[in-house]
């Protein structure tokens with residue numbers, strides 16, 4: 002089950018205006034080049050007239066060398082059909098940065114999963130507005146950067162963060178219970194590349210203290226939601242949600258405890274789908290090819 | 002498993018200001034009268050300082066005759082301790098009225114469950130603002146009353162409804178996808194005795210067309226919520242909720258289809274708990290002693 | 002949302018030995034004939050080397066007339082590629098027979114869902130070894146046939162059943178808590194066309210009285226399983242499963258009550274997937290293209 | 002929410018032959034001693050005639066000093082009524098040992114939860130038959146003991162283990178994917194005090210390689226089960242179970258990945274209930290007073 006033993010494959014993600022023949026034309030391209038398709042997932046948003054596809058094929062035996070696949074696909078197919086596309090290879094290990102504040106549960110879960118789960122990605126740094134979780138990051142040998150954030154220093158802090166992210170070639174940011182609102186300017190550098198975990202079943206209970214609100218409302222189920230961060234708070238495209246039952250016996254602190262287990266699970270699942278190139282975003286909604 | 006073969010028992014529901022000795026004093030009353038406790042559930046809302054209890058005990062061998070239990074408990078215990086209480090017997094079959102509009106799924110489910118499920122309750126009539134579901138009610142031999150409701154006729158219609166409810170000694174009203182808002186005046190006759198099914202995971206998506214809103218928001222889970230009806234729309238005490246997973250593949254009509262299965266389940270569970278005297282309401286929240 | 006307003010489409014189900022180019026060759030066939038693909042789902046069982054696909058495309062604008070689609074696809078594609086395939090049209094209403102004994106909950110749920118759910122199928126008869134549920138079937142205007150089954154009469158009874166099924170052109174049989182074991186000879190007439198609901202989370206608790214066994218074992222979750230019937234009891238390909246939580250408070254009769262809600266949901270979901278041509282069977286497992 | 006700020010309370014667990022007056026007599030004892038009941042849970046196993054109760058009350062204001070509560074309760078109540086009972090205080094921090102082999106996911110989750118979750122318990126050592134997870138334990142400053150186990154050395158190894166457990170006053174053992182069968186002799190030292198996590202929905206798929214078996218059977222849901230260890234393999238009293246949906250797309254390694262998330266959650270929940278003294282065991286089943 003080691004990552005290294007999985008044969009190399011390529012993943013193509015596509016979206017474009019829907020029309021006849023898209024699947025035929027794209028799969029024909031692979032067929033002509035001796036590509037063996039492992040997975041093909043396709044979706045048409047009939048209302049908006051948009052076509053989405055994910056294809057994964059084996060590189061072993063494929064006629065095009067790895068470093069020319071993109072260019073050839075672009076000139077032969079994508080330009081002709083006006084496709085929006087990306088191509089990834091399954092041995093890539095894109096860089097991840099995790100942002101945290103003081104709560105350790107998601108950080109521990111991400112770091113331990115990233116180690117044992119054969120992730121096609123690499124956690125390269127942890128950034129926090131507090132020193133609290135430095136020992137956790139360091140016990141996993143992950144560099145930890147403490148960048149305090151106040152109202153006044155926020156712009157400066159984000160500049161420092163972006164510099165670090167660039168230096169380490171970070172592709173994806175995970176907000177693992179990072180208790181700060183990220184500015185629109187910062188987000189524009191990582192569109193659909195910042196994943197947050199919100200501790201409620203969105204759109205119920207956005208904003209602060211959702212467990213308190215859930216308790217007050219007397220719900221019988223609490224949830225957690227992982228979504229891409231957009232300018233509007235807690236309103237970005239949802240990648241994954243899950244729930245757990247609660248009862249009148251559960252105090253707020255019990256909701257917090259039960260919810261934390263859920264936050265870990267939901268964030269890890271969302272991240273897994275993202276790093277395996279299974280998520281497409283369109284019009285503030287996700288297509289998740291599980 | 003026939004209802005008739007279950008031995009008769011009594012159910013006491015209590016709430017009052019919390020203080021020491023409540024359980025001891027109440028259970029001692031039962032003990033002195035030879036009561037064999039079958040179930041005892043108790044809850045303290047520490048924040049509000051309120052005590053809740055449900056006790057069920059066998060009437061066989063109980064020293065007090067059925068028709069004097071309430072009076073004796075009141076004078077010996079409840080008045081002394083300033084308890085808010087009710088006592089029910091498990092052979093009672095309180096009358097239920099089901100309000101519907103045009104959608105049959107919840108009505109079918111309630112009527113078939115009420116028949117096969119050994120319910121300690123009796124559906125005595127179906128009221129609708131449309132003729133559509135008359136054949137369904139009549140196939141179960143339940144009287145069906147068509148009472149049209151328009152903006153102008155609403156007050157008059159509710160008067161007619163209340164008259165029917167009184168004539169048939171109805172204790173509980175179930176709004177089984179009844180597409181009308183019930184007036185505050187009407188509700189005041191049935192406080193915590195009108196159960197609604199709302200087709201979303203409240204407080205997300207209150208009001209009309211929640212499946213459309215869920216689709217627009219791109220949620221990965223949809224829900225249904227059964228609650229007591231209060232003056233504020235979709236904001237009453239929640240009795241039961243449940244959810245089902247959806248994906249980007251699900252169109253609005255698929256959400257509707259999946260949701261209907263859920264609505265049936267959630268409404269039936271809520272109703273079951275109510276008619277088995279397992280629900281207490283306090284401060285817009287429910288205590289459900291499952 | 003009425004069935005009639007959905008535009009006509011065709012569904013192709015395929016399985017065959019996996020090799021390169023299958024998707025390209027098949028989708029190219031549709032493209033050349035002006036077919037607009039609505040859904041395409043594909044799966045490769047890598048271990049067994051088997052390819053599975055479901056494609057749904059619009060018939061409006063398709064170059065081949067409906068009555069020649071199968072023949073042309075067969076000669077141009079299927080024979081050449083040695084495909085195992087079937088083609089269905091979404092306005093077909095294949096005939097269903099429901100087999101029951103005495104328990105009404107699944108029968109009610111199927112009949113009411115089949116009415117309100119815009120099913121692409123038609124319940125044409127109910128067969129039972131008891132008279133008990135005749136009124137239920139007849140309240141839905143579905144013919145009911147009482148065919149008693151004893152050890153001695155079983156062969157004769159199955160002969161009568163098969164005669165009825167043939168007369169009414171039944172394609173699919175649903176065992177809705179039919180408390181009889183169907184003979185291998187009978188099954189051979191309806192391979193992967195008999196759907197059963199088993200009241201446990203298979204493979205746990207096969208056979209009779211699973212709720213009693215679940216209670217004895219002290220499980221915290223009970224389940225229901227819908228599967229195709231094969232010669233080996235409760236061991237056929239699983240189509241759908243779901244579960245509900247239980248506690249130490251739940252007596253066997255509470256498990257039965259909770260389980261019945263589940264049986265209805267699980268059976269209806271399995272059936273929905275089957276009649277929408279979303280299920281393929283291979284090597285005692287199902288591919289469900291949801 | 003810090004553990005230290007919760008006021009001290011006492012927990013009484015009782016089981017005995019059911020009879021009239023038990024609740025009254027026991028709660029009266031607390032009332033007479035000025036005990037303020039926080040939680041009372043009671044259950045009667047009607048079939049077996051056994052009574053179970055858990056009461057938690059505040060020690061602040063209680064008339065009996067902490068060190069005499071047990072003795073007084075024993076002489077005044079338990080001996081008279083022939084109760085099987087235990088009394089715990091919420092500031093106790095019983096010692097836990099975690100047994101592991103090579104898989105780190107449960108160990109990480111337990112150690113990080115034990116730190117952030119305000120557990121009323123203390124992980125005092127990790128024992129393993131391999132060196133693999135030493136760095137994990139040591140990064141949490143938990144002593145790690147490598148005790149290899151072979152068929153020949155097993156008796157000797159268990160002796161070493163027991164010696165360590167005794168030295169550190171271990172009350173509870175957690176088998177966190179410990180790939181060894183524990184001998185009956187070992188178990189007899191820790192009856193209902195060894196918690197295992199099994200990676201299937203028991204009683205389905207006991208023994209080795211349950212994910213492979215689940216894949217072979219083609220189930221649509223996989224599960225995890227936490228139970229007390231008894232002499233019969235995977236047949237002990239179940240404390241907690243949960244499930245996750247899978248599809249035909251999930252390979253065995255995907256089942257393993259999804260299942261590991263579940264194993265963590267289920268084991269942590271079971272452990273939480275045990276260390277909060279919410280679990281009673283009787284006749285190979287658990288009563289869990291959640």
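Chains as they are written, first to last, in this note's numbering: chain S, 2 to 291; chain V, 2 to 291; chain A, 2 to 291; chain R, 2 to 291. We treat Cβ as the ideally placed atom computed from N, Cα and C, and that holds for glycine. Since we're looking at a predicted model, the values are computed, not measured.
- If only complete runs of 4 or more residues are kept, the segment 113–176 of chain A shows the alpha helix (DSSP H) at 135–140, 155–168, in order along the chain.
- Against chain A, a Cβ distance below 7 Å from residue 32 of chain S picks out 21, 22, 25.
- Under DSSP, residue 183 of chain S shares a beta bridge with no residue.
- Rounded to whole angstroms, the gap between the alpha carbons of residue 103 of chain R and residue 200 of chain R is 15 Å.
- Judged by beta-carbon spacing, residue 227 of chain S lies within the 8 Å limit of residue 196 of chain S, meaning their Cβ atoms are closer than that value.
- Beta-bridge annotation (DSSP): residue 37 of chain S is paired with S/59.
- Chain order gives the chain R residues near residue 248 of chain A as 289, 291, where near means a beta carbon separation below 8 Å.
- Secondary structure note for residue 78 of chain A: it is in no alpha helix (DSSP H), with a DSSP letter that is neither H nor E.
- Segment contact: the segment 46–66 of chain V against the segment 129–148 of chain V, fewer than three CB-CB distances shorter than 8 Å; contact not assigned.
- Membership of residue 260 of chain A in the alpha helix (DSSP H) is indicated by the continuous run 253–276.
- Using a Cβ distance threshold of 8 Å, residue 225 of chain R and residue 242 of chain R count as a contacting pair.
- Per DSSP, the beta-bridge partners of residue 45 of chain S are S/52.
- Taking the beta carbon of residue 222 of chain S as reference, the chain V residues within 8 Å of it are 202, 224, 242, 243, 244, listed in sequence order.
- From the listed residues R/155, R/157, R/106, the smallest Cα separation to residue 138 of chain R is found for R/106.
- If you draw a 10 Å sphere on the C-beta of residue 151 of chain S, you find fewer than 16 other C-beta atoms in it, and that means exposed.
- In the DSSP assignment, residue 228 of chain S falls within the beta strand (DSSP E) that extends over 222–229.
- For residue 205 of chain A, the closest Cβ of chain R is nearer than 8 Å.
- The contact set of residue 105 of chain R on chain A, defined by CB atoms closer than 8 Å, is empty, because the minimum CB distance reaches about 26 Å.
- Relative to the Cα of residue 147 of chain R, the nearest Cα in the group R/179, R/122, R/170 belongs to R/179.
- Look at residue 29 of chain S here: in three-state DSSP terms it is helix.
- At least 8 Å separates the beta-carbon of residue 222 of chain V from that of residue 198 of chain V.
- Residue 89 of chain A and residue 120 of chain A have their C-alpha atoms some 15 Å from each other.
- An exposed status is given to residue 213 of chain V, since fewer than 16 other beta-carbon atoms sit within 10 Å of its beta-carbon.
- Taking all protein chains in view, the Cβ of residue 184 of chain S is surrounded by fewer than 16 other Cβ atoms within 10 Å, so the residue is classified as exposed.
- When 7 Å is used as the limit between beta carbons, residue 277 of chain R is near no residue of chain V, the shortest such separation being about 17 Å.
- In the DSSP assignment, residue 283 of chain A falls within the beta strand (DSSP E) that extends over 280–283.
- Annotation: the continuous alpha helix (DSSP H) that includes residue 215 of chain R extends over 211–218.
- Where residue 96 of chain R is concerned, the enclosing beta strand (DSSP E) starts and stops at 96–101.
- Where residue 205 of chain V is concerned, there is no enclosing beta strand (DSSP E), because DSSP gives it neither an H nor an E.
- Between residue 25 of chain S and residue 77 of chain S, the alpha-carbon positions lie close to 14 Å from each other.
- Cβ-Cβ separation between residue 269 of chain R and residue 264 of chain S: approximately 13 Å, too far for a contact (criterion under 8 Å).
- Within 10 angstroms of the beta-carbon of residue 168 of chain S lie fewer than 16 other beta-carbons, which makes it exposed.
- The C-beta of residue 55 of chain S has 16 or more other C-beta atoms within 10 Å across all chains shown, which makes the residue buried.
- For residue 13 of chain R, the beta-bridge partners assigned by DSSP are R/56, R/88.
- Neighbours of residue 129 of chain A in chain V, taken as residues at a C-beta separation under 7 Å, are lacking, since the least C-beta distance is about 15 Å.
- Residue 64 of chain R is classed as exposed because its beta carbon has fewer than 16 other beta carbons within 10 Å across all chains shown.
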